[in-house]
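Just below is one structure, and these are the notes that go with it.
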Amino acid sequence: MTVVGPFGLSVRDQAVEADVQAGLAAVEEGLLEATKSEVPFITEAAQHLVKAGGKRFRPLLVMLAAQFGDPYAPGIVPSAVVVELTHLATLYHDDVMDEAAVRRGVASANTRWGNSVAVLTGDFLFARASQILADLGPEAVRVQALAFERLVTGQILETAGPQDGRDPVDHYLDVLGGKTGSLVAVSCRFGAMMSGADETVVDVLTQYGERLGVAFQLADDVLDIASDSHESGKTPGTDLREGIATLPVLRLRERAARLGLPEDVALCELLDSDLTDDARHAEALAALRAHPAL
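Heads up: the sequence shown begins at 411 in this note's numbering, then just goes up one per residue.
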């Protein structure tokens, strides 16, 4: 049985599933092609995270959004490659900033080759994404540029922290909208836009992608605390070590200020200490995992 959802899009449809799977297979080929270089070492470094796998969440959204128009339009697969290359590039840079040792269940690029190679490989991926983007037209370039500005702004705001008097949770949600929601929104926008969907549909899907990206990052921030590296494929407690307050920490601080419970105050003091020390970091991570704030 086929169920028809909003905008007349079937939500239980084997044909849609086949289209999406075929599109994702083409994206995978495109990623491998886009990360090739005449220099074998650059190819190895650029394909390191591509071959490590991943959810391909953003390309999936491109394919799904394309179902609102012509899912076989020529710009759909290249735009999906662009958003995934951009995402991958940010991972190389993030792991340097976070000093993360593991990404997608394998050694991070900075662990394997050092910070300089990791940063430059991220730059290489941005360059390749830009080359593909240039063939998609000036509107696609503009959309990607605006999203990338928001992404970087979100990262900077996260590092800087909230201004005096700003609600920390509001600041945190703004950060998520920038650093994650922006590119997820573009994924939905590209799929709809490249498929020739109506402009109203393009705008609605873009808004949906923004909210979905924020929710996705919220879940990821919880997993950073709650899961181990075998489950998440990443180094756990990275945000804690960096002193970045995600929602569980913000909830803890709000509760400590409101109730003044000694155990909450003590945990806040532990989180405010130097968590670059492995033993203290492990203690803080274990305590937060057991706390109701999570």
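We put the beta carbon where it would ideally sit given N, CA and C, even for glycine.
Requested in this report: Classify S489 as buried or exposed, calling it buried when 16 or more other Cβ atoms lie within 10 Å of its own Cβ.
Outcome: buried
Query raised in the report: Can you give the Cα-Cα distance for A595 and D684, rounded to whole angstroms?
Result: 36 Å
Requested in this report: Within the stretch 615–692, note down every full alpha helix (DSSP H) run reaching 4 residues or more, in order along the chain.
Outcome: 639–642, 648–652, 657–669, 672–681
Query raised in the report: Start and end of the alpha helix (DSSP H) containing P548?
Result: 548–570
**Report entry** Inter-stretch contact at 8 Å, needing at least 3 Cβ pairs: the stretch 469–477 / the stretch 597–605
**Finding:** yes
**Report entry** 8 Å contact criterion, which L671 and A697 should meet: CB distance rounded
**Finding:** The pair is not a contact, with the Cβ atoms about 13 Å apart (cut-off 8 Å).
Report task. Run the CB neighbour count on Y482, radius 10 Å, all protein chains shown included, and call it buried at 16 or more, exposed below. Result -> Looking at its Cβ environment, which holds fewer than 16 other Cβ atoms inside 10 Å, Y482 is exposed.
Query - Distance between S526 and T610 (C-alpha atoms, nearest Å) - result: 44 Å
Query raised in the report: Run through DSSP, which three-state label would R699 get?
Result: The DSSP-derived three-state label of R699 is helix.
Query raised in the report: Within the chosen definition, does the stretch 510–518 reach the stretch 448–463 through at least 3 CB pairs nearer than 8 Å?
Result: yes
**Report entry** Those residues which DSSP pairs with R513 across a bridge
**Finding:** V516
Requested in this report: Grab the span of the alpha helix (DSSP H) containing R538 for me, first residue to last.
Outcome: 525–544
Query raised in the report: CA-CA distance, C598 and E673?
Result: In this model, C598 and E673 are separated by some 44 Å (Cα to Cα).
Query raised in the report: What did DSSP end up calling M411 once you bin it into helix, strand or coil?
Result: A caution first: M411 carries a pLDDT of 38, below 50, which makes its placement in the model too unreliable to give a value.
Requested in this report: Keeping to the same chain, check which residues put their C-beta closer than 6 Å to that of G485; ignore five residues upstream and five downstream.
Outcome: L546, M604
Report task. Can you give me the start and stop residues for the alpha helix (DSSP H) that G440 sits inside? Result -> 424–444
Query - the stretch 494–509 contacting the stretch 608–627, beta-carbon criterion three pairs below 8 Å - result: Contact fails: fewer than three Cβ-Cβ distances are below 8 Å.
Report task. Answer yes or no: do G591 and E620 have a C-beta to C-beta separation smaller than 9 Å? Result -> yes
Requested in this report: Taking 9 Å as the cut-off, decide whether the C-beta atoms of V529 and V491 are in contact.
Outcome: no
Query raised in the report: Are L593 and G647 closer than 9 Å when you measure CB to CB?
Result: no
**Report entry** Cβ shell of L615 (< 6 Å), same chain only, five flanking positions each side left out
**Finding:** A475, C598, A602
Requested in this report: Give me the Cβ distance between L669 and A703, rounded to the nearest whole Å; I'm assuming they're in contact under 8 Å.
Outcome: Going by Cβ atoms, the distance from L669 to A703 rounds to 12 Å, so no, they are not a contact pair.
**Report entry** Own chain, CB closer than 7 Å to E427, minus 5 neighbours either side, in chain order
**Finding:** The beta carbon of E427 sits closer than 7 Å to no other beta carbon from its chain once the five residues preceding and following it are set aside.
Requested in this report: Can you say whether D688 is buried or exposed, counting buried as having 16 or more other CB atoms within 10 angstroms of its CB?
Outcome: exposed
Query raised in the report: In angstroms, rounded to a whole number, what distance separates the CA positions of A456 and F534?
Result: 8 Å
**Report entry** Minimum C-alpha distance to S622 - residue among L471, E679, L441
**Finding:** One point to set straight first is that residue 622 is Leu, not Ser, in the sequence displayed. Closest option to L622, Cα to Cα, is L471.
Query - Contact set for A539: own chain, Cβ-Cβ below 6 Å, skip 5 residues either direction - result: V492, L495, T496
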